[in-house]
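Chains A and B, in that order, are what the protein sequence lines are. Read left to right, the first sequence gives residues 1046 to 1179 (the numbering used here). Read left to right, the second sequence gives residues 1046 to 1179 (the numbering used here). To start, the structure under review is shown below, and the notes come after it.
There are 2 protein chains.
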Amino acid sequence: MNRKSKGINAERELIHQLWGIGIPAVRVAGSGSMKYPSPDIIAFSNNQTLIFECKASIENKKYISNADVNQLIEFANKTNSKAYIAVKFTNKGWFFVETNDLIKTKENYVISLDIVKEKKLDFQNTIKKYKKLD
Amino acid sequence: MNRKSKGINAERELIHQLWGIGIPAVRVAGSGSMKYPSPDIIAFSNNQTLIFECKASIENKKYISNADVNQLIEFANKTNSKAYIAVKFTNKGWFFVETNDLIKTKENYVISLDIVKEKKLDFQNTIKKYKKLD
């Protein structure tokens, strides 16, 4: 399986998890092919739109480019959405970092598995609070 | 160009039109590949999410299946969105029909070019009112 397919499969897994707690979610099509900012996933909780830029990592650290972060913030601002960088660490599951909690490096941003584990930024603690109430 | 590519190009054109009036819009990825309801396009106006099921027609009538309409309504209800069937009639441009304004046939629904022209359901009259104010 190539890298793109793996990314899509990871995104689909997150969409399943969101629908699983009653939050409608969709995957955004080929954001690369148009010039506009766009997230990878959009989800709809009660009166709160959530947007996710999704990454996967087999290492314990994931670097995120300024461009990725900036376009996510731009889209969030234009749509009044709550933005998260969602990182799936291999065998550790998904973690969710708000853009203003990202750690800046010289060149870009970094998300460290140790820190997101310590801060308990997993699905249960960050996303489940948005669980949709009927 | 095959039918799928034509459909995608038409959707991209509508996304350009929406961004052109300041409304952020995205194309939803391969709705067919997951079991959940989903629209083709999601757009974000002031406090109003708009969702579109997109169709193209070279004829003066376009039939829309019950399944397409029902899953659009389901998604709209779950996300408090405003739903439109968007039909691009060749050389006539886009028209936007609310789901409860669709005309029921024996088997499905139909959108007629004559009627949408008469009712002036074009972009200018139906969508431009959502134009985003900063």
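We put the beta carbon where it would ideally sit given N, CA and C, even for glycine.
Straight through space, the alpha carbons of L1059 (chain A) and L1095 (chain A) are spaced by roughly 13 Å.
In terms of Cα proximity to N1145 (chain B), the closest of B:I1103, B:K1173, B:N1111 is B:N1111. At a Cβ-Cβ threshold of 9 Å, S1083 (chain B) and V1132 (chain B) do not count as neighbours. Its chain contains I1103 as the residues whose beta carbon lies nearer than 6 Å to that of T1135 (chain A), once the 5 sequence neighbours on both sides are disregarded; these appear in chain order. Taken in chain order, the unbroken stretches of alpha helix (DSSP H) that lie wholly in the stretch 1063–1125 of chain B and span 4 residues or more are 1111–1124. Straight-line spacing of the CA atoms in L1117 (chain A) and A1128 (chain A) works out to 7 Å.
Residue contact check for A1074 (chain A) against chain B: a CB pair falls below 9 Å. For K1164 (chain B), the closest C-alpha among the options B:Y1154, B:E1098, B:E1143 is that of B:E1143. By the 16-neighbour rule on beta-carbons within 10 angstroms, K1080 (chain A) is exposed.
Within chain A, the residues M1079, Y1081 have their CB atoms less than 8 Å from the CB of I1060 (chain B), given in chain order.
Of all residues in the stretch 1104–1127 of chain A, the ones placed with a Cβ closer than 7 Å to any Cβ belonging to chain B are F1120, K1123, T1124, in chain order.
By the Cβ-count criterion, T1171 (chain A) is buried, with 16 or more other Cβ atoms from all chains shown falling within 10 Å of its own Cβ. Residue state for E1056 (chain A) is assigned as helix, using DSSP reduced to three classes. Judged by their CB atoms, K1176 (chain A) and I1068 (chain A) are nearer to each other than the 9 Å cut-off. For W1139 (chain A), no chain B residue has a Cβ inside 9 Å of its Cβ, as the nearest lies near 18 Å away. Under DSSP, V1155 (chain A) takes part in a beta bridge, and its partners are A:Y1108, A:I1148. Taking the CA atoms as reference points, D1159 (chain B) sits about 16 Å from I1130 (chain B). With 16 or more other Cβ atoms from the protein chains shown falling within 10 Å of its own Cβ, K1100 (chain A) counts as buried.
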